[in-house]
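Heads up: the sequence shown begins at 1 in UniProt numbering, then just goes up one per residue.
Quick reminder that beta carbons are idealized off the backbone N, C-alpha and C, glycines included.
Note that the coordinates shown come from a computational prediction; the quantities given were computed from them, not determined experimentally.
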Amino acid sequence: MKLPLSVYYITQDEELRLPESLAKVSGWVDEIIVVDSGSIDRTRDIVEAAGARFVHNDWQGFACQKAFAASLCRNDWVLDLDADEVLSDELVANIQDLFSKPIDPAIAGFRMRWVLSQPDPRHPFRHDKSKKILRLYNRNKAVIEPEKDSNNDRPQVKAGRVVDLKGDVLHRTLISLEQMERKYCQLSTEQARFIAAKGRRISSPRLFAEFPLKFLKYYLLHRQILNGWFGLSVAITAANRNFMRLAKAREMQMLSEFERENTR
Numbered sequence: 001m002k003l004p005l006s007v008y009y010i011t012q013d014e015e016l017r018l019p020e021s022l023a024k025v026s027g028w029v030d031e032i033i034v035v036d037s038g039s040i041d042r043t044r045d046i047v048e049a050a051g052a053r054f055v056h057n058d059w060q061g062f063a064c065q066k067a068f069a070a071s072l073c074r075n076d077w078v079l080d081l082d083a084d085e086v087l088s089d090e091l092v093a094n095i096q097d098l099f100s101k102p103i104d105p106a107i108a109g110f111r112m113r114w115v116l117s118q119p120d121p122r123h124p125f126r127h128d129k130s131k132k133i134l135r136l137y138n139r140n141k142a143v144i145e146p147e148k149d150s151n152n153d154r155p156q157v158k159a160g161r162v163v164d165l166k167g168d169v170l171h172r173t174l175i176s177l178e179q180m181e182r183k184y185c186q187l188s189t190e191q192a193r194f195i196a197a198k199g200r201r202i203s204s205p206r207l208f209a210e211f212p213l214k215f216l217k218y219y220l221l222h223r224q225i226l227n228g229w230f231g232l233s234v235a236i237t238a239a240n241r242n243f244m245r246l247a248k249a250r251e252m253q254m255l256s257e258f259e260r261e262n263t264r
């Protein structure tokens, strides 16, 4: 008997990572929905072969895409997964046990531990700071706000409480540094548009401080120092994404001011 639970993904060109994630949820949840923003690889074939529903939606940012995916679900309880995330056996068992009896109506959702887990243990990217994330939630009590270009794609609790659930979401995040760099370039541009649209001013001191502070955050606090040369590369790439979102936002504001002055 399948659980009254909907699982949703957002994808684009995820033929390499999606199959492992789908395999962990197929067969025991009521429905799987995949919202795709224009894959040109085998993503659609993989989704349909797994018996999941494939829906195209043009990209407007992470928050909009996930909010749209959640809106398509027919169940109140939904599980938000990315293509590079795989449920541990312990987490699967605990979710199944959770739905074997009535869930306390005062609960809005469940947090689970999110941990880096490369498929090949020899990969130089092995250490990262784990954290608790809300991914299993009741849509009547928590929602994702669909703001254009926003990357705040986590559900915001409107009523009820959040409880920890044992088990891990295994994060298979990196395919290559090139893939990471491409993703961060897209992300920094979207974040810059969001910042500029909000009218936030970026000062020069903030710009000069952003890269070194974020580098130290990723390299030391997120333990990339333990990943050797690869961790150094990851910390630099991640810090540069944070810097470029501010630099691009300030550039957008500057160009907008130039345009206004020239049209007077």
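So residue i is in the beta strand (DSSP E); what residue range does that whole segment cover?
{"i": "Gly-109", "result": "107-116"}
{"i": "Asp-128", "result": "Counting along the chain, Asp-128 falls outside any beta strand (DSSP E), and DSSP gives it neither H nor E."}
{"i": "Arg-53", "result": "53-56"}
Give me the DSSP bridge partner(s) of residue i.
{"i": "Asn-138", "result": "Trp-77"}
{"i": "Val-234", "result": "In DSSP, Val-234 forms no bridge with anything."}
{"i": "His-222", "result": "Note: His-222 sits in no beta bridge, so no partner."}
{"i": "Leu-255", "result": "Beta-bridge pairing links Leu-255 to no other residue."}
{"i": "Ile-103", "result": "None, per the DSSP bridge assignment."}
Residue i: buried (16+ other C-beta within 10 angstroms of its C-beta) or exposed?
{"i": "Trp-77", "result": "buried"}
{"i": "Arg-200", "result": "exposed"}
{"i": "residue 265", "result": "Nothing in the structure corresponds to residue 265, since the chain is present only between 1 and 264."}
{"i": "Arg-250", "result": "buried"}
{"i": "Arg-241", "result": "buried"}
{"i": "Asp-149", "result": "buried"}
{"i": "Ile-202", "result": "buried"}
{"i": "Met-244", "result": "buried"}
{"i": "Ile-175", "result": "exposed"}
{"i": "Arg-161", "result": "exposed"}
{"i": "Ile-103", "result": "exposed"}
{"i": "Asp-128", "result": "buried"}
{"i": "His-222", "result": "buried"}
So what's residue i in DSSP terms, helix, strand or just coil?
{"i": "Arg-43", "result": "Just to set this straight, residue 43 is Thr in the shown sequence, not Arg. In this structure, Thr-43 counts as helix in the three-state DSSP scheme."}
{"i": "Glu-145", "result": "coil"}
{"i": "Ser-37", "result": "coil"}
{"i": "Gln-156", "result": "strand"}
{"i": "Cys-260", "result": "Correcting the residue type first, residue 260 is Arg in the shown sequence and not Cys. Helix, per DSSP."}
{"i": "Glu-14", "result": "coil"}
{"i": "Arg-250", "result": "helix"}
{"i": "Ser-6", "result": "strand"}
Between the beta-carbon of residue i and the beta-carbon of residue j, is there less than 8 Å?
{"i": "Lys-2", "j": "Val-29", "result": "yes"}
{"i": "Ile-40", "j": "Arg-53", "result": "no"}
{"i": "Leu-79", "j": "Gly-167", "result": "no"}
{"i": "Arg-154", "j": "Lys-132", "result": "no"}
{"i": "Gly-61", "j": "Asn-151", "result": "yes"}
{"i": "Val-234", "j": "Leu-170", "result": "no"}
{"i": "Leu-136", "j": "Ile-95", "result": "yes"}
{"i": "Ala-247", "j": "Leu-213", "result": "no"}
{"i": "Gln-118", "j": "Ala-196", "result": "no"}
{"i": "Arg-139", "j": "Cys-73", "result": "yes"}
{"i": "Val-35", "j": "Val-55", "result": "yes"}
{"i": "Thr-173", "j": "Ala-83", "result": "no"}
{"i": "Asn-57", "j": "Pro-4", "result": "no"}
{"i": "Ser-21", "j": "Leu-81", "result": "yes"}
Taking the continuous alpha helix (DSSP H) assigned at residue i, which residues delimit it?
{"i": "Ile-95", "result": "89-98"}
{"i": "Leu-170", "result": "It is not in any alpha helix (DSSP H) - Leu-170 instead sits in the beta strand (DSSP E) that spans 161-171."}
{"i": "Arg-182", "result": "177-198"}
{"i": "Arg-206", "result": "204-216"}
{"i": "Lys-66", "result": "62-71"}
Shorter than 7 Å, the distance from the beta carbon of residue i to the closest heavy atom of the ligand GTP, or not?
{"i": "Ala-108", "result": "As for the ligand GTP, it is missing from this structure, which has no ligand bound."}
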